[in-house]
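Here the structure comes first, spelled out in structure tokens, and everything after it is commentary.
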Amino acid sequence: MAQAKAAPLAQSRVQNLFSSRYAVFYVLVLPAFLLRMIYSVIPVIQTIQLSMTNRTIVGGGYIGLRNYEFMTRDATLIGSLGWTLLYTGYAAAAETIIGLGIAILLMQNLRLRWLSNFIILLPWVVAPILAALAFRILYFEDGGILNEILRQLGYGNAAVRWLSDAETARFSVIVMTVWKNVSWVALIFMAALGSLPREALEAAAVDGANALQRFWYVTLPLLKPAIYLVLLLRAMAEVQTFEQIYGLTRGGPGSATKTLALYAFERFFQQQRYGYGAAVNMVLLVVTIAVGGIFAWLLYRSREI
Amino acid sequence: MTHRRRRLRNALLYALLFFVLAGLVFPVLFMALTSLKTAAEVNRIPPTLWPKYPTLENYPFMARAWDFWLALRNSLILAGGSGLGATVLGAMAAYAFSRGTFRGRTLMYALLVASMALPAMVALGPIFIAYLRLRLLDTHIGLLLVFTAGGLPLATLLQFAYFNAIPRELDDAAAIDGAGRFTTLFRIIMPIAMPGVFVSFLLLFIVGWNDFLFVFTLSSSPDTQVLTTNLYTIPPREADYQSSNLDLVATAGMFVLLPLVPLLMLTQRQLVEGITFGAVQG
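Going line by line, the protein sequences match chains A and B.
Counting in the working numbering, the first sequence runs from 598 upward without gaps.
Counting in the working numbering, the second sequence runs from 3 upward without gaps.
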């Protein structure tokens, strides 16, 4: 009797446990998942729709692909697309090379460990907009410190127009970006270097390879996945750069340093041309995914071998 | 390697180290030095490297003239609130991903990771339009939600790695004692994974503190400005628009940076752990 009563009870308890076991995981995961989707994936899908309208602050409607058609004749857009790719390429390459150099230097067991760790983290912790501000002070043209240092070093009175000459401004923007991100790259490479198999390096040393050979033939090939990972993450961040460049040059002089994100911001938020701004954002999205895809593929391949 | 060659090599390495560290610290150092100069000195040509008559007078001046306290409060609310919110929500999601087998688990995880690749600028457009309609522009809650959503992937992935390292037997033991999933997570798993939970909060706090774009696009009222967005509304000294106010600009910059410096000194190890976590994870 007691047994007969207990059996259904146990069964329903098992059922309860089973279903609540699932339910509780949804309760745990959905707040984060839904919030993230509402603020990222869904707005991106809406951007696709919006890019086919001529909406502004006062309204507007569906115009098909006319925005995209207009973009092929928009010199500012084409210029900013070119500059974005150039900037991404130079900045990501320079960050990777210099960052790897700094990482190797800091792995040499030098003294001042605490100080160098602190200084390495400093550019990383500086807000992008604050990096722009610090460099605006350095690049100040009439009586700025960089021009003064150059003068003291004997480069005459030819004041460099750091931010008001188009080509120089592009260089200045890249220098600031490299300064801001190189420490992050160095930290990643230090972690990667620290986890390399020691046997391979020791074997090469026993075989009589010198330091340069060991680096070129052993360390570098082993670092390949880390290098592609750094390139992937840096290039994807660089493609969408907004804050630093907005803070330093506002995209100027002219449109010389206007990245796609700055141009999209100008169209969408400043001129409130939502339709066209969304179309520019679509270009930004496609370029970001393309850049990410290329490096993700390289990373994937480097890990297989 | 002979003794002499080793000493030469070390001298070279230290010289290189000096140059690298000097280059990395210089922009920030010069900003700090500029904030200690007088108005007369920043307008001097040629400029000075070290302040001739160092003074702290710019700091109290800016604290009064620059809506400093309001912006500081907003920065703390947004960085702290979103750091806390994203860490807790991220922990819940990470726990479900780590322990649960439920329908849609892989898809949800993949979408969460993939969403990190979407540019913030692209998402901000429709968010702005939605906020306009919902009257969420210029509100703390609207900004808090954007910040929290922005931090969720990092919070989830980071804590997922820490939770995975904790043996499942602990969960089973807690279940036998009658603890539900929430109790297990908040009373047992999170305390054990505290280093990871703390790193997640720390990184998100710094990201939130340093953010500019979200507040810049989604709020224009002075009530919801933060320190970073205020950097471009530096008051001119008195009514003198002719001379530059670089000393005040630099002081404002120091107000943004200084609160992070002690944090950086105290938590160096945790920060490096959090930063390099991504590389190890892949």
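From the three backbone atoms N, C-alpha and C, an ideal C-beta is built for every residue, glycine too.
Check whether the Cβ atoms of A:Thr693 and A:Arg831 lie closer than 8 Å to each other.
The sequence position of residue 693 of chain A within the first sequence is 96, counting from 1. The sequence position of residue 831 of chain A within the first sequence is 234, counting from 1. Contact: yes.
Just checking, does the segment 205-215 of chain B make contact with the segment 14-29 of chain B on the three C-beta pairs under 8 Å criterion?
no
Own chain, CB closer than 7 Å to B:Ala34, minus 5 neighbours either side, in chain order:
Here residue 34 of chain B corresponds to residue number 32 of the second sequence, with the count starting at 1. Correct list, in chain order: Met256.
Would the beta-carbon of B:Thr158 fall within 8 Å of that of B:Gly83?
Counting from 1 along the second sequence, the entry for residue 158 of chain B is found at position 156. Counting from 1 along the second sequence, the entry for residue 83 of chain B is found at position 81. No, Cβ-Cβ distance for B:Thr158 and B:Gly83 is not below 8 Å.
8 Å Cβ cutoff, B:Leu266 in contact with chain A:
Residue numbering aside, residue 266 of chain B sits at position 264 when the second sequence is read from its first letter. Cβ-Cβ to chain A under 8 Å: yes for B:Leu266.
Proximal residues of chain A, C-beta to C-beta of B:Gln270 below 7 Å
For the purposes of this step, residue 270 of chain B is taken as the residue at position 268 of the second sequence. What B:Gln270 touches in chain A: Asn714, Phe715, Leu718.
Cα-Cα separation, A:Ser769 to A:Ala755
Position 172 of the first sequence holds residue 769 of chain A. Position 158 of the first sequence holds residue 755 of chain A. For A:Ser769 and A:Ala755, the distance between alpha carbons rounds to 17 Å.
Taking the alpha helix (DSSP H) that B:Lys54 falls in, what are its first and last residues?
For the purposes of this step, residue 54 of chain B is identified with residue 52 of the second sequence, where counting begins at 1. Premise fails: B:Lys54 is in no alpha helix (DSSP H) and is neither H nor E.
Between the segment 15-39 of chain B and chain A, which residues of the former have CB atoms less than 7 Å from a CB of the latter, in chain order?
Leu15, Tyr16, Leu18, Leu19, Val22, Leu23, Leu26, Val27, Pro29, Val30, Phe32, Met33, Thr36
For B:Thr36 and B:Arg11, the rounded distance between their alpha carbons
In the second sequence, residue 11 of chain B corresponds to position 9, counting from 1. In the second sequence, residue 36 of chain B corresponds to position 34, counting from 1. Using only the alpha carbons, I get a separation of about 36 Å.
For the segment 51-111 of chain B, list the alpha helix (DSSP H) runs that are entirely contained and at least 4 residues long, ordered along the chain.
60-67, 70-101
Between the CA atoms of A:Thr673 and A:Gly906 - distance to the nearest angstrom
No statement about residue 906 of chain A is possible, as the shown extent of chain A runs from 598 to 902 and does not include it.
B:Pro224 classed as buried or exposed, judged by whether at least 16 other C-beta atoms fall within 10 angstroms:
For the purposes of this step, residue 224 of chain B is identified with residue 222 of the second sequence, where counting begins at 1. So B:Pro224 counts as exposed.
With a cut-off of 8 Å, does the C-beta of A:Thr816 fall near any C-beta of chain B?
Taking the first residue of the first sequence as 1, we reach residue 816 of chain A at position 219. False, the Cβ-Cβ gap to chain B never drops below 8 Å.
Below 9 Å on C-beta distance, what does B:Ala252 contact in chain A?
Stepping through the second sequence from its first residue, residue 252 of chain B is reached at position 250. Per Cβ cutoff of 9 Å: Leu730, Ala731, Ile734.
Neighbour list for B:Arg183 in chain A, Cβ cutoff strictly below 8 Å:
Here residue 183 of chain B refers to the residue found at position 181 of the second sequence. Chain A residues near B:Arg183: Val621, Phe622, Leu625.
Under 9 Å, CB to CB, which of the residues in the segment 116-131 of chain B have a partner in chain A?
Ala116, Ser117, Met118, Ala119, Leu120, Pro121, Ala122, Met123, Val124, Ala125, Leu126, Gly127, Pro128, Ile129, Phe130, Ile131
Please list the partners that A:Val655 has in chain B, where partner means a Cβ-to-Cβ separation under 7 Å.
Taking the first residue of the first sequence as position 1, residue 655 of chain A is located at position 58. Those within 7 Å of A:Val655 in chain B number zero; the least Cβ separation is about 12 Å.
What would DSSP say about A:Leu614, mapped onto helix, strand or coil?
Taking the first residue of the first sequence as position 1, residue 614 of chain A is located at position 17. With a pLDDT of 48 at A:Leu614, under the threshold of 50, the modelled position of this residue cannot be trusted, and the question is left open.
Between the C-alpha atoms of A:Tyr843 and A:Gly890, what's the straight-line distance to the nearest angstrom?
Residue 843 of chain A sits at position 246 when you count from the first residue of the first sequence. Residue 890 of chain A sits at position 293 when you count from the first residue of the first sequence. Their Cα atoms are separated by approximately 27 Å.
Can B:Gly25 and B:Leu160 be called in contact, C-beta distance under 8 Å?
Within the second sequence, residue 25 of chain B is the residue found at index 23, counting from 1. Within the second sequence, residue 160 of chain B is the residue found at index 158, counting from 1. Result no, Cβ atoms of B:Gly25 and B:Leu160 do not sit closer than 8 Å.
From A:Ala823, A:Val775, A:Gln841, A:Arg652, pick the residue whose C-alpha is nearest to that of A:Ala728; which is it?
Taking the first sequence and counting its residues from 1, the one referred to as residue 728 of chain A is at position 131. Measuring from the Cα of A:Ala728, the nearest candidate turns out to be A:Gln841.
First and last residue of the alpha helix (DSSP H) that includes A:Val781?
Along the first sequence, read from residue 1 onward, the residue named residue 781 of chain A stands at position 184. What sits at residue 781 of chain A in the sequence shown is Trp, not Val. Looking at the DSSP string, the run of the alpha helix (DSSP H) that includes A:Trp781 is 763-791.
Between A:Leu829, A:Ser677, A:Ile660, which lies nearest to A:Tyr860 when the distance is taken from Cα to Cα?
As a first step, residue 860 of chain A must be located in the first sequence, where it is residue number 263. Considering only alpha carbons, the answer is A:Ser677.
Provide the residue span of the alpha helix (DSSP H) that contains B:Thr231, from first to last.
Counting from 1 along the second sequence, the entry for residue 231 of chain B is found at position 229. It spans 229-232 - the alpha helix (DSSP H) in which B:Thr231 sits, taken as one unbroken run.
Could you confirm whether any beta carbon from chain A is found closer than 8 Å to the beta carbon of B:Gly284?
Indexing the second sequence from 1 puts residue 284 of chain B at position 282. Confidence in B:Gly284 is poor, its pLDDT being 42 and thus under 50, which makes the residue's placement unreliable; the coordinate value appears in the next sentence. Yes, because at least one Cβ of chain A sits closer than 8 Å to the Cβ of B:Gly284.
Enumerate in chain order the residues of its own chain whose CB-to-CB distance from A:Leu707 is below 8 Å, with the five nearest sequence positions on each side excluded.
As a position in the first sequence, residue 707 of chain A is number 110, starting the count at 1. Cβ within range, chain order: Ser713.
Does A:Met598 pass the burial test, meaning 16 or more other C-beta atoms within 10 Å, or should it be called exposed?
Counting from 1 along the first sequence, the entry for residue 598 of chain A is found at position 1. Residue confidence is low: A:Met598 scores 39 on pLDDT, short of 50, so the model does not pin down where it sits. Its coordinate-derived value is still stated next. Counting Cβ neighbours within 10 Å, A:Met598 comes out exposed, since fewer than 16 surround it.
Report the rounded CA-to-CA distance for A:Glu796 versus A:Val827, giving the unit in angstroms.
For this step, residue 796 of chain A is matched to residue 199 along the first sequence. For this step, residue 827 of chain A is matched to residue 230 along the first sequence. Near 25 Å, if we compare the C-alpha coordinates of A:Val827 and A:Glu796.
Quick check on A:Tyr659: does DSSP put it in helix, strand or coil?
Residue numbering aside, residue 659 of chain A sits at position 62 when the first sequence is read from its first letter. Residue state, collapsed to three classes: strand.
Terminal residues of the alpha helix (DSSP H) in which B:Val251 lies:
For the purposes of this step, residue 251 of chain B is taken as the residue at position 249 of the second sequence. Per DSSP, B:Val251 belongs to the alpha helix (DSSP H) from 248-259.
Determine the burial state of A:Tyr897: buried for a count of at least 16 other Cβ atoms within 10 Å of its Cβ, exposed for fewer.
Your numbering for residue 897 of chain A matches position 300 in the first sequence. By the neighbour-count rule (16 or more Cβ atoms within 10 Å), A:Tyr897 is not buried but exposed.
Segment limits, alpha helix (DSSP H) that includes B:Ala151:
In the second sequence, residue 151 of chain B corresponds to position 149, counting from 1. Segment 142-166, the alpha helix (DSSP H) holding B:Ala151.
Going along chain A in order, which residues have a C-beta closer than 7 Å to the C-beta of B:Ala98?
Here residue 98 of chain B refers to the residue found at position 96 when the second sequence is read from its first residue. Phe622, Leu625, Val626, listed in chain order.
Identify every residue that forms a DSSP beta bridge with A:Thr650.
For the purposes of this step, residue 650 of chain A is taken as the residue at position 53 of the first sequence. Answer is A:Tyr659.
Run through chain A and tell me which residues come within less than 7 Å of B:Ile190, C-beta to C-beta.
For the purposes of this step, residue 190 of chain B is taken as the residue at position 188 of the second sequence. Within chain A, no residue comes near B:Ile190; the closest Cβ sits about 15 Å away, beyond 7 Å.
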